[in-house]
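Just so we're aligned, residue 3 is where the sequence shown starts under this note's numbering, counting upward by one. Taking it in order: structure first as structure tokens, then the write-up.
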Amino acid sequence: CQAIKRRENRSYLPVLMLTARATVADRIAGLDAGADDYVTKPFHNDELLARARALLRIRKIELERSEALQALGRQHEELKVAYEQLRSAQTQLVQASKMAALGELVAGVAHELNNPLAIILGNAELLPEFENEDDRRAIQQIIAATQRGRRVVQSLVTFARHDKVEFDW
3 CQAIKRRENR SYLPVLMLTA RATVADRIAG LDAGADDYVT KPFHNDELLA RARALLRIRK
63 IELERSEALQ ALGRQHEELK VAYEQLRSAQ TQLVQASKMA ALGELVAGVA HELNNPLAII
123 LGNAELLPEF ENEDDRRAIQ QIIAATQRGR RVVQSLVTFA RHDKVEFDW
């Protein structure tokens with residue numbers, strides 16, 4: 003009985019002990035050894051069959067419980083995978099939301115920089131030709147710096163909209 007109960011396959015296997023040993027100590031020893039029921043000789047066939055049917059019902063219920071636990075284990079694994087996928091999607095959604103907010107901020111900054119740069123460049127290009135070399139160089143520096151600023155703004159707008167936007171200067 004102890005060897006049967008120690009086997010590696012841990013599914014429930016009922017043991018009905020049928021013996022001539024009838025003392026209380028013998029019954030306790032048999033149950034302690036792993037017997038699920040204990041019948042002493044002489045026995046009645048109907049009682050033995052009833053006890054065997056009862057143990058078989060317990061076995062059937064134990065098998066159903068074991069199958070249900072295995073199904074729950076599979077569902078648990080599936081839920082863990084789904085949870086990890088959900089966490090990944092949530093992380094991606096948060097990143098996408100951050101990028102969208104950053105895009106809006108960049109677009110706003112680009113728009114705010116665009117107007118003063120257009121005014122500076124327009125006025126610098128309308129200035130008359132100066133005879134003084136330093137004045138001409140200063141005007142060219144203003145125009146070059148403003149054009150560089152326009153390129154930066156263009157890059158910001160492209161980043162914010164994910165496509166190239168042409169300005170009508």
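Backbone N, C-alpha and C define an ideal beta-carbon position, used for all residues, glycine too.
Rounded separation between residue 161 and residue 96 - CA only: Your numbering for residue 161 matches position 159 in the sequence shown. Your numbering for residue 96 matches position 94 in the sequence shown. If you take the alpha carbons of residue 161 and residue 96, they lie about 19 angstroms apart.
Around the Cβ of residue 148, are there at least 16 other Cβ atoms within 10 angstroms (buried) or fewer (exposed)? Numbered from 1 along the sequence shown, position 146 holds the residue referred to as residue 148. It counts as buried.
Can you give me the C-alpha to C-alpha distance between residue 90 and residue 124, rounded to a whole angstrom? Within the sequence shown, the letter at position 88 stands for residue 90. Within the sequence shown, the letter at position 122 stands for residue 124. Roughly 50 angstroms between the two C-alpha positions.
Using a Cβ-Cβ cut-off of 7 angstroms (strictly less than) and excluding sequence neighbours within five positions of residue 40, which residues of its own chain qualify? On the sequence shown, position 38 is the one that residue 40 refers to. Taken in chain order, the residues that qualify are 19, 29, 32, 33.
Can you tell me whether DSSP reads residue 25 as helix, strand or coil? As a first step, residue 25 is located in the sequence shown; it is residue number 23 there, counting from the start. Three-state DSSP puts residue 25 in coil, outside helix and strand.
Report the residue from 135, 78, 153 whose alpha carbon sits nearest the alpha carbon of residue 112. Within the sequence shown, residue 112 is the residue found at index 110, counting from 1. Nearest Cα to residue 112 within the set 135, 78, 153: 153.
4 or more residues per run - each alpha helix (DSSP H) lying fully within the stretch 99–168: The alpha helix (DSSP H) runs lying completely inside the stretch 99–168 and spanning 4 residues or more are 135–163, given in chain order.
Looking only at its own chain, which residues have a Cβ that is under 8 angstroms from the Cβ of residue 13, when we skip the five neighbours before and after it? Numbered from 1 along the sequence shown, position 11 holds the residue referred to as residue 13. Same-chain partners within the cutoff: 64, 65, 68.
Can you say whether residue 83 is buried or exposed, counting buried as having 16 or more other CB atoms within 10 angstroms of its CB? Counted from its first residue, the sequence shown places residue 83 at position 81. It counts as exposed.
Since residue 119 contacts residue 155 with CB under 8 angstroms, what's their CB separation in whole angstroms? On the sequence shown, residue 119 is found 117 positions in, with the first residue counted as 1. On the sequence shown, residue 155 is found 153 positions in, with the first residue counted as 1. Rounded, the Cβ-Cβ distance is 7 angstroms, consistent with contact.
Hey, is residue 68 close to the ligand SAH, as in C-beta under 7 angstroms from one of its heavy atoms? Ligands in the displayed structure: none, and consequently the ligand SAH is not present.
For residue 20, which beta-bridge partners are listed by DSSP? Counted from its first residue, the sequence shown places residue 20 at position 18. Its beta-bridge partners are 41.
From 36, 7, 163, 5, pick the residue whose C-alpha is nearest to that of residue 101; which is it? Here the question's residue 101 lines up with position 99 in the sequence shown. Comparing C-alpha distances from residue 101 to each of 36, 7, 163, 5 shows the shortest one belongs to 163.
Along the chain, where does the alpha helix (DSSP H) containing residue 8 start, and where does it finish? To locate residue 8, count along the sequence shown from 1; it is residue 6. Where residue 8 is concerned, the enclosing alpha helix (DSSP H) stretches over 4–8.
Environment of residue 74 [buried if 16+ CB atoms lie within 10 Å]: Here residue 74 refers to the residue found at position 72 of the sequence shown. Burial state of residue 74 is exposed, judged by a 10 Å Cβ sphere holding fewer than 16 other Cβ atoms.
What is the rounded straight-line gap between the Cα of residue 54 and the Cα of residue 10? In the sequence shown, the residue the question calls residue 54 occupies position 52. In the sequence shown, the residue the question calls residue 10 occupies position 8. Going from the Cα of residue 54 to the Cα of residue 10 covers about 24 angstroms.
Once you ignore the five residues that flank residue 105 on each side, which residues in its own chain have a CB closer than 6 angstroms to its CB? Reading the sequence shown from its first residue, position 103 is the one you call residue 105. Cβ within range, chain order: 162.
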